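Number of protein chains: 2
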Amino acid sequence: MLPMTSSSQLIEKAVEAFASLPGIGRKTALRLVLHLLKQEPGVTERFTRALLDMRMNIFQCRICHNLSDEETCRICSDPRRDHTIICVVESIRDLMAIEDTGQYRGSYHVLGGVISPMEGIGPDQLNISSLIKRIAESEIKEVIMAISPTIEGETTIFYLSQQLAPYGVLISTIARGVAFGGQLEYTDEITLARSILGRLPYSR
Amino acid sequence: MLPMTSSSQLIEKAVEAFASLPGIGRKTALRLVLHLLKQEPGVTERFTRALLDMRMNIFQCRICHNLSDEETCRICSDPRRDHTIICVVESIRDLMAIEDTGQYRGSYHVLGGVISPMEGIGPDQLNISSLIKRIAESEIKEVIMAISPTIEGETTIFYLSQQLAPYGVLISTIARGVAFGGQLEYTDEITLARSILGRLPYSR
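Protein sequence lines, in the order shown, are assigned to chains A and B.
When you line the first sequence up against the numbering used here, it's residues 720 to 923, in that order.
When you line the second sequence up against the numbering used here, it's residues 720 to 923, in that order.
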């Protein structure tokens, strides 16, 4: 594929800016730049203003580390939610995915990753001490580990369960098993084995 | 697919900004926003600065309508190029594609589209009067029509050839035929017929 270089330095720099974003190649970047050039200058102004506003004014919630427009996020400051349950997630994306189900009305704690010696991520790089502080200082009944069932995820759950043991809080993990719509024959052995061992009484 | 809505208005607006660009959906927009949030604020500042700089300071070349950092584009102001030949193109993208071949050393004229009664684009919406003015006022030997061989493209070439007839300038079109690597059996009839009628003596 041809590089499609422009004779304009301004365009080249704008193309490079877009192409520096993950998953955006030079061709796509050029298409986006030419799109902005076709629109009124106000379109580019509003686009860049929205991004700058977001990046400069966002807070990390002082309680759960969710991203927020205020010092305390909407979930942590919502009196209708159950703040005695904490759902521990790896990332903001996972928090958003669970929120989208509309099935959970407790609070969250965003770890910011999982323990991964391979990538040099130990417990100190994660939001673990703030989780322990929350559990020590407020009345928490249950901590739900909504962490991916990978080796790193399981390690993190094991580490957290040890750290939280002294506080006598109920620790649960999200259910693992064959996904809805999943085909048994294509399910990996570990998942299938667990879904048999963890079988439940049938109910309609 | 879940909407993945954020509890932050700032994030929602930034996601909407990215998702307003062509070919970028909400999922991708969210990924880009979370990417910018992971980086230093300076990354977002430089990104938005490059786009604003480009959009606010770009010129349309006063001669050929190419996009340019100056009033006259680099190609039009380059003394090493042959300014007696004009290659007429529909768009900046086509100009860039031809430049990338490195095979053309003349000048350009960007029409800004092709005549399309269906889309309400007539000759007055295109940069045609400035092309005629160039040919009337300076010494032009040849005008190359590098326009897509579509119905609208052919209409535009026909219209231009009539408008330019009084100036006695040589008008040529780019060669049409079976593309390199193209399979004869999958080539459409019109192209195949033209490539037979327009056959050339074999040379190595």
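Cβ coordinates follow ideal geometry from the N, Cα and C atoms, glycine included.
Remember, it's a predicted structure, so these values are computed and weren't measured experimentally.
Query                                                                                                                  : Result
Interface positions of the stretch 752–764 of chain A facing chain B (Cβ-Cβ less than 9 Å), listed along the chain     : V752, L753, H754, L755, L756, Q758, P760, V762, T763 and E764
Beta carbon proximity, R793 (chain A) to chain B, threshold 8 Å                                                        : yes
Within-8 Å CB hit, M864 (chain B) to chain A                                                                           : no
Chain B within 8 Å of A912 (chain A), Cβ atoms only                                                                    : no
Chain B within 8 Å of L721 (chain A), Cβ atoms only                                                                    : For L721 (chain A), the predicted model reports a pLDDT of 48, less than 50, meaning its position is unreliable and no value from the coordinates is stated.
C-alpha distance - D819 (chain A) paired with S725 (chain B), whole-angstrom precision                                 : 9 Å
Contact check, Y706 (chain A) vs P842 (chain A), beta carbons under 8 Å                                                : In this structure chain A extends from 720 to 923, so residue 706 (chain A) is not present and cannot be described.
Supposed contact pair V752 (chain A) and V929 (chain A) - C-beta distance, whole angstroms, cut 8 Å                    : The requested residue 929 (chain A) does not occur in the structure, where chain A is confined to residues 720 to 923.
Residue ranges of each beta strand (DSSP E) within the stretch 740–828 of chain B, 3 or longer                         : 801–808
Bridge-paired residues (DSSP) for L889 (chain B)                                                                       : B:E861
Neighbour flag for T747 (chain B) against chain A, beta carbons, 8 Å                                                   : yes
Rounded distance between the beta-carbons of L903 (chain A) and L911 (chain A), thought under 8 Å                      : 7 Å
Chain-ordered chain A contacts of I870 (chain B) [CB-CB under 8 Å]                                                     : Correct list: empty, because the minimum Cβ distance to chain A is about 23 Å.
Residues from the stretch 810–834 of chain B in contact with chain A, defined by Cβ distance under 7 Å                 : I811, R812, M815, A816 and D819
Beta-carbon spacing of I893 (chain A), I859 (chain A) below 8 Å                                                        : no
The alpha helix (DSSP H) enclosing G872 (chain A), as first and last residue numbers                                   : I870 to L883
N785 (chain B) classed as buried or exposed, judged by whether at least 16 other C-beta atoms fall within 10 angstroms : buried
Close beta carbons around A865 (chain B), own chain, < 7 Å, minus the five adjacent residues each side                 : C806, V807, V808, D813, I817 and I893
Helix, strand or coil at S835 (chain A) according to DSSP, with G and I counted as helix                               : strand
Neighbour list for E769 (chain A) in chain B, Cβ cutoff strictly below 7 Å                                             : First, the amino acid is wrong: residue 769 (chain A) is Ala here, not Glu. Simply K732, A733 and A736.
Residue-level contact to chain C via CB, N846 (chain B), 8 Å cutoff                                                    : The displayed structure is made up of protein chains A and B, and chain C is not among them.
Chain B within 8 Å of S727 (chain A), Cβ atoms only                                                                    : yes
Interface residues of chain B facing I777 (chain A) [CB-CB closer than 8 Å]                                            : S727, L729, I730 and L756
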